[in-house]
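Asks: Residue numbers (UniProt numbering), protein chains in the order written: chain Z, 1 to 325; chain C, 1 to 325; chain E, 1 to 325; chain P, 1 to 325. Don't be surprised by glycine CBs; every beta carbon is placed ideally from N, CA and C. Please read all numbers here as calculations on a predicted model, not as lab measurements. Input: one structure, supplied below.
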């Protein structure tokens with residue numbers, strides 16, 4: 001069995017694991033803090049986790065017969081823009097890197113084929129192959145975290161675009177002259193459908209209708225600035241009408257955005273990941289309803305499924321590993 | 001040399017020709033009226049043009065040595081939705097067909113492999129392979145006609161979506177609560193970036209600022225309802241400020257839409273076709289400027305080219321023929 | 001008792017009556033067709049109805065003791081723009097008049113003081129004085145007919161603006177780049193909150209969701225183009241979910257617009273008139289709910305009442321008569 | 001000559017002066033810090049400045065013959081909501097007061113008639129009577145400061161609305177689902193047309209186009225967060241294209257908002273005040289152009305003038321004093 005290593009580099013930690021051809025992670029996930037502002041230090045960490053995982057497999061081989069296999073490649077998913085040749089980090093704002101020859105750096109430390117990819121693309125690939133989208137060749141993944149990211153699988157292939165920056169779905173414009181976005185535009189989808197948007201809804205509610213927001217305020221100990229995503233999800237799961245209203249608002253925007261993506265990409269299914277999707281049906285229901293009411297051609301077309309991601313925080317590891325295969 | 005036949009079925013006429021592997025049409029294009037509301041009659045016409053073109057080639061072969069070749073397949077582009085198996089017309093409103101087994105009907109009449117495709121997809125494929133997008137594997141074509149259509153080539157492959165209805169770019173929503181569209185939604189891109197939108201701009205100008213619209217009104221013999229696309233293009237090419245203003249408004253919307261498509265698809269180039277693109281630089285300049293000002297990540301990304309289509313009205317024939325290859 | 005005559009000139013008919021100081025119409029309303037394109041003919045009709053009403057009063061005086069009184073002035077409300085001096089019709093598109101010295105024309109025919117006013121202003125004045133807004137000095141009337149008109153009473157006085165064209169509330173912009181309006185702008189409130197908007201909602205529903213629109217389609221005998229306001233109101237009053245959805249959509253927009261007007265004018269109450277308001281609570285409920293959720297400062301301000309007009313189609317007569325007092 | 005005292009209570013300082021019937025301030029303006037969170041302390045300061053100004057007049061009288069006169073009343077303008085009876089502060093967030101019986105407090109300290117009014121209303125009244133709007137009975141003042149405030153004079157009277165909160169023009173909604181506002185709504189005009197909006201434009205420019213923003217960045221010593229209103233105004237006055245672009249964007253929004261206000265209020269002139277208006281023609285030109293292109297009925301109506309305020313920071317004193325007359 002040919003195994004590969006997946007490394008997921010986030011803004012705060014590097015997580016890595018050995019992945020089987022069927023997408024399972026074999027053994028434990030290894031974690032280290034992410035060094036910032038230093039490509040060499042980052043490559044050192046990657047080199048170290050790869051060595052660690054290779055060494056562990058060498059030890060494991062004697063005991064776990066059926067999982068035997070050789071590690072044949074390393075896939076790295078990174079929270080940043082990766083260029084079209086998968087050679088350089090164009091920009092990884094969270095870890096303070098730009099125009100960094102990361103692939104070459106890793107190759108000097110790792111004696112295996114290396115593939116570098118954007119982390120959202122890697123996670124999307126994992127969900128499309130092994131998670132909520134498995135069995136379909138046309139899957140669009142949307143990660144509803146602090147911001148909104150995504151990955152597109154069409155015709156069974158990950159679509160990276162010409163310059164490696166496709167699927168920046170969080171920054172297509174939902175509203176002309178809408179809410180300002182850190183990207184310098186306004187009206188980006190992620191200003192409406194992200195965790196940040198959910199929190200803004202809840203805080204606005206607390207300002208304009210404290211009675212309706214009473215439960216949310218209680219969970220936040222009376223401090224509006226402490227209303228955060230987990231409090232809202234908890235309140236919604238407990239049936240609080242104010243929190244549910246916030247999810248309905250965000251879910252409506254999620255569905256509107258998916259309707260636009262369907263007009264362009266016509267996928268078989270959408271997979272929603274990220275922290276906001278932890279609310280499950282509370283998010284899915286308004287998203288599905290909004291999607292069904294807004295997608296063009298709804299009277300005649302087959303509607304794409306909308307599902308919650310299944311692989312959780314390990315999707316990046318699994319996807320990176322599989323892309324390296 | 002393996003030749004194929006391309007058939008382009010529009011709302012009013014069927015046009016067909018023999019296409020070489022390099023995208024050239026060999027000999028004349030054959031044209032017939034499109035029968036409406038009758039799949040059998042439509043298949044009859046297709047059978048007839050194929051027989052006609054095959055017979056002509058048989059005659060030609062003796063004389064045109066270097067263009068010799070065998071006709072090996074037939075590609076049909078049709079103005080309507082074609083299902084995922086390219087077997088049935090889901091809906092072709094202009095010719096009054098729905099859920100029609102067109103491919104089977106043609107196969108009973110034509111003794112060659114047959115491929116059926118949406119006409120905008122076929123034209124996009126032609127432009128991507130042989131026209132303004134040649135040399136690139138990542139091309140998005142946008143047809144700015146009465147409405148707005150499109151075709152997407154990513155990774156060198158035509159992306160039809162899961163159910164065959166991808167690239168309905170005219171119906172992604174540009175403006176929440178925007179202008180009503182015949183599709184039942186509001187704010188669709190085609191309400192802002194199409195020939196119909198150009199005409200609406202010009203007529204609004206004639207209502208609100210007759211002085212500025214004087215030249216347009218003259219070309220329309222004083223009748224606002226007779227201001228149409230060709231008049232506006234002519235006036236703009238003659239330097240009329242009112243008409244140029246209309247093109248700037250539409251070009252701005254074109255660029256805004258391309259910016260959104262770039263966020264999702266990251267193509268190497270956009271190819272603009274359809275009647276509105278006949279204005280050339282008059283449309284391209286505001287579109288490029290708007291695109292460059294609005295595309296996300298513009299400070300760091302490489303901007304896609306925006307070009308005018310090169311193949312004109314034969315793109316559908318060429319693309320259908322090549323898809324059949 | 002000093003009586004005055006009110007004349008309401010609409011696009012198709014001239015209606016007039018004698019009005020008491022308490023706003024009651026004494027005796028029957030007189031009606032004539034509206035002549036078009038001819039200021040002299042229009043003034044003739046006005047002269048005739050005034051003579052008719054004066055004559056009738058002269059006859060009545062002997063019999064109806066308690067309503068005795070002298071007719072002391074004539075007020076004329078007209079469906080068009082009236083200039084700041086109430087001397088000329090700037091534009092009355094429906095009756096084909098522009099820059100017409102209507103007041104002078106009437107004075108040559110009527111031997112009483114004459115006041116000319118825009119009909120929506122006259123109706124608003126009537127509702128503020130004698131109808132749903134009586135008792136308040138701060139009333140904004142909004143007429144939801146085919147289009148949307150209005151009248152503003154602030155500080156107990158009708159606010160005509162500097163040039164006589166205040167309260168064109170139907171043409172303040174609700175949506176940037178929104179639905180095109182006949183005025184040459186786009187996004188005007190009347191494209192969202194009028195009877196025309198209600199009909200557009202219903203027809204869109206019939207296109208995109210025929211099942212939900214089944215009852216509406218039945219009332220329109222299966223012909224989408226025959227779905228009109230009365231059918232939608234009837235269906236909604238019968239509890240049809242599709243029709244109710246249309247009213248909710250329009251009511252939401254009504255409330256949004258009232259919220260903006262409240263931010264600017266801070267009235268004590270809004271009075272909604274016109275055909276759409278015939279639906280009563282079916283319109284009022286979503287309008288009030290939307291208003292309460294969107295008006296700025298809603299956590300602390302006192303919310304304006306939203307009421308349905310009480311005087312119906314005679315408001316124009318009553319208001320014009322009272323303005324002449 | 002009857003004189004009155006005007007007191008302008010801002011978030012940081014109390015400014016007061018003696019005002020003649022023609023709007024001139026006689027003698028110097030007196031200034032004190034604004035106490036916060038304490039209505040009694042605030043009334044103490046007001047009592048003190050009134051005593052100080054009365055005492056000074058008593059001394060002056062012997063020397064300045066022609067300016068002789070008696071102080072007959074005190075007007076107080078305050079940065080907060082004042083109730084309909086001008087008796088209580090409903091909310092003055094900057095000075096930490098809510099539901100405060102300010103008028104009664106002042107009356108216990110001042111032996112003259114007292115009138116309390118919102119400061120933006122007071123300033124608007126001053127501009128309408130003695131400043132850029134003098135000579136007109138229909139003036140709308142818009143203050144483009146950090147936020148956007150306003151005051152409405154119609155029919156020669158200050159229009160306070162039923163509950164004293166009219167003219168909250170900064171919080172009428174410009175854009176559905178637009179930029180979030182501190183008031184809990186989104187899309188408020190002040191998110192587009194204020195000093196804050198100007199700064200946001202400039203900072204966005206610095207992020208997305210550092211070359212174009214080079215001069216702005218230089219004035220801010222390279223620190224995006226130090227780009228503020230005065231830097232942008234300075235750069236614009238020096239002809240910097242980047243800064244001018246920011247003013248064009250804001251001016252466009254100013255004009256759009258004025259167009260909506262004109263549809264509702266039909267004033268003779270708009271007076272623009274606040275820090276953003278310091279740029280003069282640089283702001284006025286795009287605002288006028290945008291207004292002229294967007295106001296409804298522009299083909300036939302007389303367009304309102306758009307002027308810059310003339311009274312500067314003393315408008316509040318002058319207006320409060322005159323309202324007390």
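Less than 8 angstroms between the CB atoms is what I'm expecting for residue 73 of chain Z and residue 19 of chain Z, so what's the real figure, rounded?
Replies: That pair is no contact at about 10 angstroms.
Asks: Can residue 232 of chain Z and residue 213 of chain Z be called in contact, C-beta distance under 8 angstroms?
Replies: Contact flag unset, no.
Asks: Which two residues bound the contiguous alpha helix (DSSP H) that contains residue 230 of chain E?
Replies: First-last of the alpha helix (DSSP H) with residue 230 of chain E: 229-237.
Asks: Consider the Cβ of residue 171 of chain C: report whether some Cβ of chain E lies at a distance smaller than 8 angstroms.
Replies: Answer no: the Cβ-Cβ gap between residue 171 of chain C and chain E never drops below 8 angstroms.
Asks: Would you mind reading off the limits of the beta strand (DSSP E) that contains residue 311 of chain Z?
Replies: Residue 311 of chain Z -> no beta strand (DSSP E), and no H or E assigned at all.
Asks: Evaluate residue 299 of chain C with the Cβ neighbour count: other Cβ atoms within 10 Å of its Cβ, from every protein chain shown; 16 or more gives buried, anything less gives exposed.
Replies: Residue 299 of chain C comes out exposed.
Asks: Whose C-beta lies closer than 6 angstroms to the C-beta of residue 174 of chain P among residues of the same chain, with five residues either side of it excluded?
Replies: Answer for residue 174 of chain P: 187, 189 and 192, listed in chain order.
Asks: Whole angstroms is fine: what's the gap from residue 159 of chain E's alpha carbon to residue 166 of chain P's?
Replies: So the alpha carbons of these two residues sit roughly 14 angstroms apart.
Asks: Residues of chain Z with CB closer than 9 angstroms to the CB of residue 177 of chain P, please, in chain order.
Replies: Those are 174, 175, 178, 179, 187, 192 and 253, listed as they occur along chain Z.
Asks: Determine contact between the segment 24-44 of chain E and the segment 44-61 of chain C, defined as no fewer than three beta-carbon pairs at a distance below 8 angstroms.
Replies: The segment 24-44 of chain E is not in contact with the segment 44-61 of chain C.
Asks: If you compare alpha carbons, which of P/141, P/104 and P/293 is closest to residue 42 of chain P?
Replies: Ranking the options by Cα distance to residue 42 of chain P, first place goes to P/104.
Asks: Please return the same chain residues whose Cβ sits closer than 8 angstroms to the Cβ of residue 389 of chain P, not counting the five positions on each side in sequence.
Replies: With chain P represented from 1 up to 325, any question about residue 389 of chain P goes unanswered, as that position is not in the structure.
Asks: Helix or strand or just coil, what does DSSP make of residue 280 of chain P?
Replies: In this structure, residue 280 of chain P counts as coil in the three-state DSSP scheme.
Asks: Just mark residue 51 of chain E as buried or exposed, buried being the case when its beta carbon has 16 or more other beta carbons within 10 Å.
Replies: Answer is exposed; the Cβ neighbour count stays below 16.
Asks: Count the other C-beta atoms from every protein chain shown that fall within 10 angstroms of the C-beta of residue 267 of chain E, then say buried if there are 16 or more, exposed otherwise.
Replies: Buried, since its Cβ has 16 or more Cβ neighbours within 10 Å.
Asks: What residue from E/46, E/305 and E/95 has the CA that sits closest to residue 12 of chain E's CA?
Replies: Out of E/46, E/305 and E/95, E/95 has the C-alpha closest to the C-alpha of residue 12 of chain E.
Asks: If I follow the unbroken beta strand (DSSP E) through residue 272 of chain C, where does it start and stop?
Replies: That run of the beta strand (DSSP E) goes 269-273.
Asks: If you follow the alpha helix (DSSP H) that residue 249 of chain P is part of, which residue opens it and which one closes it?
Replies: That run of the alpha helix (DSSP H) goes 241-265.
Asks: Relative to chain E, which residues along the segment 76-106 of chain C have a C-beta separation below 7 angstroms, given in chain order?
Replies: Cβ contacts with chain E come from no residue of the segment 76-106 of chain C.
Asks: Is the beta carbon of residue 196 of chain P less than 8 angstroms from the beta carbon of residue 146 of chain P?
Replies: For residue 196 of chain P and residue 146 of chain P, yes; Cβs fall inside 8 angstroms.
Asks: At least one CB of chain E closer than 8 angstroms to the CB of residue 23 of chain P: is that the case?
Replies: By this cut-off, residue 23 of chain P is not an interface position.
Asks: Taking DSSP as the reference, what is the three-state secondary structure of residue 181 of chain E?
Replies: If DSSP states are grouped into helix, strand and coil, residue 181 of chain E belongs with coil.
Asks: Return the first residue and the last residue of the alpha helix (DSSP H) that residue 199 of chain Z is part of.
Replies: 195-208 is the span of the alpha helix (DSSP H), which, as asked, contains residue 199 of chain Z.
Asks: Alpha carbons only, please: which of P/163, P/292 and P/134 is nearest the one belonging to residue 209 of chain C?
Replies: Closest option to residue 209 of chain C, Cα to Cα, is P/292.
Asks: Does the Cβ of residue 111 of chain E have 16 or more other Cβ atoms within 10 Å, making it buried, or fewer, making it exposed?
Replies: With fewer than 16 other Cβ atoms within 10 Å, it is exposed.
Asks: Have a look at C/102, C/281 and C/259 and flag the residue whose alpha-carbon is nearest the alpha-carbon of residue 309 of chain C.
Replies: Cα-wise, what sits closest to residue 309 of chain C is C/281.
Asks: Relative to the C-alpha of residue 258 of chain Z, which residue among C/171, C/33, C/83 and C/128 is closest?
Replies: Out of C/171, C/33, C/83 and C/128, C/171 has the C-alpha closest to the C-alpha of residue 258 of chain Z.
Asks: Could you compute how far the alpha carbon of residue 198 of chain P sits from the alpha carbon of residue 294 of chain P?
Replies: Approximately 21 angstroms between the Cα atoms of the pair.
Asks: So, helix, strand or coil for residue 226 of chain E, using DSSP?
Replies: Looking at residue 226 of chain E - three-state DSSP - the assignment turns out to be helix.
Asks: Pull out every residue of the segment 288-309 of chain E whose Cβ sits closer than 7 angstroms to any Cβ of chain Z, in chain order.
Replies: Under the 7 angstroms Cβ criterion, the segment 288-309 of chain E contributes 298 and 299.
Asks: Classify residue 225 of chain P as buried or exposed, calling it buried when 16 or more other Cβ atoms lie within 10 Å of its own Cβ.
Replies: Residue 225 of chain P comes out exposed.
Asks: How is the beta strand (DSSP E) around residue 122 of chain C delimited, first residue to last?
Replies: From DSSP, residue 122 of chain C is part of no beta strand (DSSP E) but of the alpha helix (DSSP H) over 119-130.
Asks: Determine the extent of the alpha helix (DSSP H) in which residue 107 of chain Z is found, giving its start and end residues.
Replies: Here the alpha helix (DSSP H) through residue 107 of chain Z covers 102-107.
Asks: Counting contacts by CB-CB distance shorter than 8 angstroms, is residue 203 of chain C in contact with chain Z?
Replies: It does not; no Cβ of chain Z falls within 8 angstroms.
Asks: Rounded to the nearest angstrom, how far is the Cβ of residue 86 of chain E from that of residue 47 of chain E, given a contact under 8 angstroms?
Replies: The Cβ separation is near 18 angstroms, so there is no contact.
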